[in-house]
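Colleague: Below is the structure I would like to discuss, written out as structure tokens.
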Amino acid sequence: MKYDVIIIGAGPGGIFSAYELMKKRPGLKVGVFEAGTELEKRHCPIDGEKIKTCIRCKSCSIMSGFGGAGAFSDGKYNITNDFGGTLHEYIGKKKAIELMQYVDNINLEHGGEGTKLYSTAGTEFKKKCIQNKLQLLDASVRHLGTDINYVVLKNLYAEMKDRIDFHFSSPVDHIEVLSEKKAGTAPRYRIYYSGASTKADTVRTAEARYLIISVGRIGSKWMEKTCRELQIPTKSNRVDIGVRVELPSVVFSHLTDELYESKIVYRTEKFEDSVRTFCMNPNGIVVNENTNGIVTVNGHSFEDASRKTENTNFALLVSKHFSEPFKDSNGYGESIARLSNMLGGGVIVQRFGDLARGRRSNVSRIEEGTVRPTLQATPGDLSLVLPKRILDGIIEMIYALDKIAPGTANNDTLLYGVEVKFYNMEVRLDKNLETNHPGLYVIGDGSGVTHCRGVASASGVYVADHILGRT
Ligand SMILES: Cc1cc2nc3c(=O)[nH]c(=O)nc-3n(C[C@H](O)[C@H](O)[C@H](O)COP(=O)(O)OP(=O)(O)OC[C@H]3O[C@@H](n4cnc5c(N)ncnc54)[C@H](O)[C@@H]3O)c2cc1C
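With our numbering, you'll find the sequence shown wraps up at 471, consecutive numbering, no jumps.
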């Protein structure tokens, strides 16, 4: 099979590359190869009754398939250079914001119209945060909600499916760089993949002049292997470790009503580490997340009023950057998550009051508490899992947040652990997000450059436009 452009991965990065190519140059032959299934076939088997915990499916429906990792997420599209990645360092701040707004408009045209755009511009909370040693980061956030996010993806797929070749259940194994015989001619790329309709051991190939890799966080190990094989330089990256906090939504409603998602940073007194809030879900639910077979925690919320809960949840995370000789930051995060899986059989939940008193939570203490957990997790002791420095930082931040949102440090506030944000090592890319192989681009979370849907999508559009400028 021969294409003009091959895209590996159908998450936001891959989707927006494909969409841009299709819209701006309908004659181009574009093939998308995706390890997971199409959107409507994505189903996690956990039903809370027969299947209670992760059974480690061959392809995880939560993380893989059309829509990528956040297909069932809260559907927050951030428009900011303050967090969510460092795309602006490659393409400039103005261009990065323009592309995020461009993506936002496409989402609105595909079912997102009527959803709310929240903004920190001119908010009073900035001052209140500074007065309490907290920093509120600047951002605009479009909240699609899990339900509308799904509709937008469904509509995008409907528009693309007959004009782009989508190959689902087709994980790409490896890439070959084909050097042209004529000197000075650009290389082509051949991918080796196993197709859905072929026997498991049958390997197929496809070729293109341009190759866009957009394999997300789930493809981090594959990306490391590919960089080694193709001698693409990389730098090691960070891992964020922490807990998900769940409390009555009224505690944070003054913030969430105005801003929806507030990214707040606190510098700890003890170690001067930064602890930040992440992924706030007003009236949402706490969920399991599976990364490479390790169960961690995350959160969702719905736009549909009937699916709203009485709780708000958000993560508190501490970033760990490692220096020489240690390079395996994700391995460090995985080991901590494994420890919680070992002790709790999955995610552990603890009341803040129990953590502060140095005792484990048990079923009766959780049941007697005023916060109804939205995730079935094992009551336990997070101090046996999280390193002291990280835990001390989280406890300090909870007391700091209590000053701007009284009730955060209540005894019954629930902490789920562990939440780990794995980042891909950063691939060495030029300002076009192109590797040392001409025509081979890496975008989205798989590049280590982006960490959210808005920025990953923007990187996809940017690279598509660059290819269009060359063809
Ligand atoms: C539960 C959850 C909630 C989230 N909530 C939000 C949110 O509200 N807002 C936000 O901005 N971000 C959120 N995120 C993060 C966001 O989803 C990611 O930043 C974003 O999806 C990254 O897009 P991507 O295209 O780079 O990669 P991904 O979305 O991870 O997509 C990569 C795709 O590549 C495929 N793939 C991997 N390896 C191969 C291979 N070898 N061959 C073929 N295909 C392959 C995968 O199956 C996957 O479908 C959330 C993430 C999760 C897990």
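Positions of the beta carbon are idealized from the N, C-alpha and C atoms, including for glycine.
Taking GLN376 as the reference, give the member of PRO387, ASN362, ARG389 with the closest Cα.
Modeller: ASN362
Colleague: Using the Cβ count rule (16 or more neighbours within 10 Å means buried), how would you classify TYR399?
Modeller: exposed
Colleague: Taking only three categories from DSSP, how would you classify ASP354?
Modeller: DSSP places ASP354 within a helical segment (H, G or I) once states are collapsed to three.
Colleague: CB of ASP445 to nearest heavy atom of ligand 1: below 6 Å?
Modeller: yes
Colleague: Quick check: does the Cβ of ILE46 come within less than 6 Å of any heavy atom belonging to ligand 1?
Modeller: no
Colleague: I'd like to confirm something about ASN298: is its beta-carbon nearer than 6 Å to some heavy atom of ligand 1, or not?
Modeller: Proximity of the beta carbon of ASN298 to ligand 1 is indicated: a heavy atom of the ligand is located closer than 6 Å.
Colleague: Out of curiosity, what's the CA-to-CA distance linking SER61 and HIS43?
Modeller: 6 Å
Colleague: With 16 as the cutoff for other CB atoms within 10 Å, does PHE326 come out buried or exposed?
Modeller: exposed
Colleague: What number of angstroms, rounded off, separates the C-alpha of PRO472 from the C-alpha of GLU289?
Modeller: The requested residue 472 is not part of the displayed model; the chain covers only 1 to 471.
Colleague: Less than 6 Å between the CB of ARG238 and some heavy atom of ligand 1, yes or no?
Modeller: no
Colleague: Between the alpha carbons of ARG428 and VAL286, how many angstroms are there, rounded?
Modeller: Straight across, the Cα-Cα distance linking ARG428 with VAL286 is about 35 Å.
Colleague: Let me confirm a value: ARG56 is counted as buried when at least 16 other C-beta atoms fall within 10 Å, else exposed. Which label applies?
Modeller: exposed
Colleague: From THR296 to VAL420, what does the alpha carbon distance come to, in whole angstroms?
Modeller: 7 Å
Colleague: Taking 6 Å as the cut-off, is the CB of GLU207 close to at least one heavy atom of ligand 1?
Modeller: no
Colleague: Consider the C-beta atom of LYS76 and the heavy atoms of ligand 1; say whether any pair is separated by less than 6 Å.
Modeller: yes
Colleague: Could you say which of MET397, GLY195, ILE404, ASN341 lies nearest to ASP381 if we only look at CA atoms?
Modeller: ASN341
Colleague: Leaving out the 5 sequence neighbours to the left and right, which residues in its chain are closer than 8 Å to PRO406 when beta-carbon positions are compared?
Modeller: The beta carbon of PRO406 sits closer than 8 Å to those of VAL251, all from its chain and outside the five residues before and after it, given in chain order.
Colleague: Within 6 Å: the Cβ of PRO438 and any heavy atom of ligand 1?
Modeller: no
Colleague: Quick one: using the 10 Å Cβ neighbour count with 16 as the cut-off for buried, is ARG470 buried or exposed?
Modeller: exposed
Colleague: Could you tell me which residues DSSP pairs with PRO248 in its beta bridges?
Modeller: ASN311
Colleague: Which residue marks the beginning of the alpha helix (DSSP H) containing ARG557, and which one marks its end?
Modeller: Here the chain has residues from 1 to 471 only, and residue 557 is not among them.
Colleague: Exposed or buried, what is ASN81 when buried is set at 16 or more other beta-carbons lying within 10 Å of its beta-carbon?
Modeller: buried
Colleague: Fully enclosed by the segment 290–348, which beta strand (DSSP E) runs are 3 residues long or longer?
Modeller: 294–300, 311–321, all fully within the segment 290–348.
Colleague: What residues match up with SER262 in a beta bridge as DSSP calls it?
Modeller: According to DSSP, which records beta bridges pairwise, SER262 is partnered with nothing at all.
Colleague: Compare the beta carbon distance of ALA208 and ILE6 with 7 Å and say whether it is the shorter of the two.
Modeller: yes
Colleague: My understanding is that LEU472 touches THR120, with C-beta atoms under 8 Å, so please give their C-beta distance in whole angstroms.
Modeller: Since the first residue shown for the chain is 1 and the last is 471, residue 472 is missing from the structure and cannot be characterised.
Colleague: If you measure between the beta carbons of HIS300 and ASP74, is that distance less than 7 Å?
Modeller: yes
Colleague: Can you give me the C-alpha to C-alpha distance between HIS437 and GLN231, rounded to a whole angstrom?
Modeller: 9 Å
Colleague: In terms of residue numbering, what span does the beta strand (DSSP E) encompassing LEU134 cover?
Modeller: 134–136
Colleague: What residue range is occupied by the uninterrupted alpha helix (DSSP H) comprising SER17?
Modeller: 12–24
Colleague: Indicate the three-state DSSP secondary structure (helix, strand or coil) for TYR441 in the structure shown.
Modeller: strand
Colleague: Under a three-way DSSP split, which group does ASP173 fall into?
Modeller: strand
Colleague: Which class does THR256 belong to by DSSP, given the choice of helix, strand or coil?
Modeller: helix
Colleague: Cα-Cα, which of GLY353, GLY439, LYS388 is closest to ASP412?
Modeller: Closest in C-alpha terms to ASP412, from the list GLY353, GLY439, LYS388, comes GLY353.
Colleague: VAL461 and GLU98 - do their beta-carbons sit closer together than 7 Å?
Modeller: no
Colleague: If you reduce the DSSP assignment to three classes, tell me which class PHE278 lands in.
Modeller: strand
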